[in-house]
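Undergrad:
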Amino acid sequence: MSDTNNPLPRQVADAYVDDLIALDPITGTYLGVKESSSRLPDTSPAGQEALAALQRATL
517 MSDTNNPLPR QVADAYVDDL IALDPITGTY LGVKESSSRL PDTSPAGQEA LAALQRATL
């Protein structure tokens, strides 16, 4: 059984949060990621689609 095919729930959660912070820096700031505090999220339709794609891929 390969780890890439069956990631642990914690690995899925960590990857999701990392990707979410990249797309929504305000969430990163809220979670204490200092690098996020100087950026804003992309609220355009493309940015919203990127968030939706992340959620679909994670589920």
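In this note's numbering, the protein residues as written are 517 to 575. Yeah, the Cβ is synthetic: ideal placement off N, Cα and C, and Gly gets one too. For clarity, every value in this text was computed on a predicted model and none was experimentally measured.
1. Is the beta carbon of Thr-543 sitting closer than 9 Å to the one on Ser-552?
2. What is the rounded straight-line gap between the Cα of Lys-550 and the Cα of Leu-536?
3. DSSP three-state call for Asp-530: helix, strand or coil?
4. I'd like to know whether the C-beta atoms of Arg-575 and Leu-539 end up nearer to each other than 9 Å.
5. In this structure, does DSSP put Ser-552 in helix, strand or coil?
TA: Let me lay it out:
1. yes
2. One C-alpha to the other measures close to 15 Å.
3. helix
4. The sequence as given places Leu at residue 575; Arg does not occur at that position. Going by C-beta atoms, Leu-575 is not nearer than 9 Å to Leu-539.
5. helix
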